[in-house]
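Peer 1: Numbering-wise (the working numbering), the sequence shown opens with residue 53 and increments by one. Glycine included, each C-beta is placed from N, C-alpha and C at the ideal position.
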Amino acid sequence: MAADVMTVVPYQCSTAGPGLRSASSAGFVGRDESAFHRATDPNVFDWLDHVKAAAGCSHPIRLSGEVATVDRATGQLLSAARTEDEPDGEIYKPCGNRRHAVCPSCARTYQRDAYQLLRAGLAGGKGIPASVAGHPAVFVTFTAPSFGTVHTRVVNRHTCGNRRRCGCRAEPCHARRATDPTAQPCEHGQPSVCWARHEESDPRLGQPLCLDCYNYDAQVVWNHSAPELWRRTSEAIRKRLHARARQLGLPPVVQFTASGRARRVPPVKPSFGKVAEMQRRAVVHYHAIVRLDGVDLDPNAVVSPPAPFGVDDLVAAVTHAATVTFTTRPHPARPQGWRIAWGDPAKGFDVRPISADGEITDGKVAGYLAKYATKSTEATGHVSRRLDGEVIDLYANEHGSHPERLIDACWTLGGSRDWQHLRRWAHMLGFGGHFLTKSRRYSTTFRILRNARVVWRRTETGHEYADQTEEERTLIVGLLTYAGSGWRTTGDALLANTAAAMARERHEVAREEFAAVA
Ligand SMILES: [Zn+2]
Ligand SMILES: [Zn+2]
Ligand SMILES: [Zn+2]
Ligand SMILES: [Zn+2]
Numbered sequence: 053m054a055a056d057v058m059t060v061v062p063y064q065c066s067t068a069g070p071g072l073r074s075a076s077s078a079g080f081v082g083r084d085e086s087a088f089h090r091a092t093d094p095n096v097f098d099w100l101d102h103v104k105a106a107a108g109c110s111h112p113i114r115l116s117g118e119v120a121t122v123d124r125a126t127g128q129l130l131s132a133a134r135t136e137d138e139p140d141g142e143i144y145k146p147c148g149n150r151r152h153a154v155c156p157s158c159a160r161t162y163q164r165d166a167y168q169l170l171r172a173g174l175a176g177g178k179g180i181p182a183s184v185a186g187h188p189a190v191f192v193t194f195t196a197p198s199f200g201t202v203h204t205r206v207v208n209r210h211t212c213g214n215r216r217r218c219g220c221r222a223e224p225c226h227a228r229r230a231t232d233p234t235a236q237p238c239e240h241g242q243p244s245v246c247w248a249r250h251e252e253s254d255p256r257l258g259q260p261l262c263l264d265c266y267n268y269d270a271q272v273v274w275n276h277s278a279p280e281l282w283r284r285t286s287e288a289i290r291k292r293l294h295a296r297a298r299q300l301g302l303p304p305v306v307q308f309t310a311s312g313r314a315r316r317v318p319p320v321k322p323s324f325g326k327v328a329e330m331q332r333r334a335v336v337h338y339h340a341i342v343r344l345d346g347v348d349l350d351p352n353a354v355v356s357p358p359a360p361f362g363v364d365d366l367v368a369a370v371t372h373a374a375t376v377t378f379t380t381r382p383h384p385a386r387p388q389g390w391r392i393a394w395g396d397p398a399k400g401f402d403v404r405p406i407s408a409d410g411e412i413t414d415g416k417v418a419g420y421l422a423k424y425a426t427k428s429t430e431a432t433g434h435v436s437r438r439l440d441g442e443v444i445d446l447y448a449n450e451h452g453s454h455p456e457r458l459i460d461a462c463w464t465l466g467g468s469r470d471w472q473h474l475r476r477w478a479h480m481l482g483f484g485g486h487f488l489t490k491s492r493r494y495s496t497t498f499r500i501l502r503n504a505r506v507v508w509r510r511t512e513t514g515h516e517y518a519d520q521t522e523e524e525r526t527l528i529v530g531l532l533t534y535a536g537s538g539w540r541t542t543g544d545a546l547l548a549n550t551a552a553a554m555a556r557e558r559h560e561v562a563r564e565e566f567a568a569v570a
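1. Buried or exposed: which applies to F97, given that a residue is buried once 16 or more other Cβ atoms fall within 10 Å of its Cβ?
2. Can you tell me which of the three DSSP states Q163 falls into?
3. Suppose you measure from the CA of D365 to the CA of E252; what does that come to, to the nearest Å?
4. Given A552, which residues of its chain have a CB within under 6 Å of its CB, disregarding the five upstream and five downstream residues?
5. Judging by CA-CA distance, which residue of R171, E136 and V529 is the nearest neighbour of A182?
6. Counting C-beta neighbours from all protein chains within 10 Å, is the total for F566 16 or more, i.e. buried, or is it exposed?
7. Keeping to the same chain, check which residues put their C-beta closer than 7 Å to that of P304; ignore five residues upstream and five downstream.
8. Grab me the residues of R124's own chain with a C-beta within less than 7 Å of its C-beta, minus the 5 sequence neighbours each way, in chain order.
9. What's the gap between the Cα of V122 and the Cα of H102?
10. Determine whether the beta carbon atoms of G466 and R475 lie at a separation below 7 Å.
11. Relative to ligand 4, is the shortest distance from any of its heavy atoms to the C-beta of C238 smaller than 6 Å?
12. Answer yes or no: do A461 and V202 have a C-beta to C-beta separation smaller than 7 Å?
13. Tell me whether A555 sits in a helix, a strand or coil according to DSSP, three-state version.
14. According to DSSP, L257 sits in a beta bridge with which residue or residues?
15. Can you say whether A562 is buried or exposed, counting buried as having 16 or more other CB atoms within 10 angstroms of its CB?
16. According to the neighbour-count rule (16 or more other Cβ atoms, all chains shown, within 10 Å of its Cβ), is H486 buried or exposed?
17. Assuming T489 and A374 are in contact, meaning their beta carbons sit under 8 Å apart, how far apart are those beta carbons, in whole angstroms?
18. Classify Q128 as helix, strand or coil using the three-state DSSP reduction.
19. I need the boundaries of the beta strand (DSSP E) containing V335, first residue and last residue.
20. When the Cα atoms are used, what is the spatial distance from E118 to R134?
21. Indicate the three-state DSSP secondary structure (helix, strand or coil) for L349 in the structure shown.
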């Protein structure tokens, strides 16, 4: 294979952020002469064209070897290209990381895909019928209960135009009259009152008023149990809707399984798209879209629910399901287990109908959810890779900061049999679930969106396989091996990232001008 013909000088950018930053601060001296070399190379534009697909990426994957195009029908080899004939003898693939903190460029792509995927489930498109726009749908936020009092910022009435730059005056954090018995300091002598009106950027937000009063064990167990609580909740929504269908006298639908057996299924079912948000206090909560579907003879079809069903039925089912609870298995530190439930619904369980022209539109909801899909634990101030026994002492401390105590709780509880998974997810503060999930029929998939983008890019750059039919007829087989990751030099990172930033800017200006004209 071509891989062993090549000499690759792996050079990894020292920063996780865009290579741009490290290169520009160092200037064009010393080893950053590499930027000068590349920039004065007469083939620099060929190179930029070659790396275009990965240009904005912080840490692209470099591959070498051969790419063959095969006729699907006959198996005949149509063409073969070796990466050694390309600039650098390698091809560059974006890292594809969804997290903004790791790769801003790939996260932007992921966020766009997440938006398309979530929106198609509400408005149709991308292979989803447009009729879904007529299905009852709600936007709902499932919050976690309290594990201790934390500093908060609550704005009763926003006057700002843009929530991202909100500077509105907040309510006092925890106001109590001096005569109120709950206004007394706790047993550790910490105040239980905070009169501050916290700014959005205040690092105290999400921090407990008293670290020693806070229930760390319960919070990490809750984070870990959140996916199971969601599973039970979605099951409860489904059952409630089925019960409602029986109440309305709607007959079941007969479907045939792959083996040809007939089975009777209730005539409605919900589908979901949801994201997890890690709040500042380091507890997960879910934002979900719940759409009501009908059931067809064809199990894969997405059809409207039967007429008597309306958005009120969906709101009732979701509100009922939010009261689901369960108790975890026992732990030596807590033989009765932990009771897992959503936050107190009396404090405002948030379920709102989505409509094309109302306050909550499909575009708004999809944009809101897609934004969370590129985040992880950043809001908590803790970011690390998976932790093990060798590094745990650097992060866990039972007398330390809020995140250190959470990690300590994961590690300590996870030392017990049947609870090791808490150690595995200690770096996620106990949460082991996915940040974006959807039920199978809710919408299209990330894979389909990614493939569509590849086809579009080939069309745009005038590559061979320009049209979809060509794509269907042929098969591209990559006999590629991993050559390294990251840009080869800081200079390459600088050039590629700058070119990508400029292209993005041009694209955005063009889009704004187009919008203005339209
Ligand atoms: Zn990337
Ligand atoms: Zn406060
Ligand atoms: Zn505001
Ligand atoms: Zn205390």
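Peer 2: Straight from the coordinates:
1. Around the beta-carbon of F97, fewer than 16 other beta-carbon atoms lie within 10 Å, marking it exposed.
2. In this structure, Q163 counts as helix in the three-state DSSP scheme.
3. Cα to Cα, D365 sits roughly 37 Å from E252.
4. Listed in chain order, the non-local C-beta contacts of A552 below 6 Å within the same chain comprise A107 and G108, local neighbours out to five positions each way being set aside.
5. In this structure, R171 is the residue among R171, E136 and V529 with its C-alpha nearest to the C-alpha of A182.
6. Classified as exposed, F566 has fewer than 16 neighbouring CB atoms from the shown chains inside 10 Å of its CB.
7. So the list reads R316, V317, P318 and P319, once near-sequence residues are dropped.
8. Correct list, in chain order: R525, T526 and L527.
9. V122 and H102 have their alpha carbons spaced roughly 23 Å apart.
10. In contact: G466 and R475 (Cβ atoms closer than 7 Å).
11. Indeed, a heavy atom of ligand 4 lies less than 6 Å from the Cβ.
12. Cβ atoms of A461 and V202: not closer than 7 Å.
13. Note: A555 maps to helix in three-state DSSP.
14. For L257, DSSP records a beta bridge to H203.
15. The residue in question, A562, is exposed, as its Cβ has fewer than 16 Cβ neighbours within 10 Å.
16. Looking at its Cβ environment, which holds fewer than 16 other Cβ atoms inside 10 Å, H486 is exposed.
17. Contact doesn't hold; Cβ gap of about 18 Å is too wide.
18. Annotated three-state conformation of Q128 is coil, per DSSP.
19. Run containing V335: none; DSSP gives neither H nor E here.
20. If you take the alpha carbons of E118 and R134, they lie about 4 Å apart.
21. Here L349 sits in coil by DSSP.
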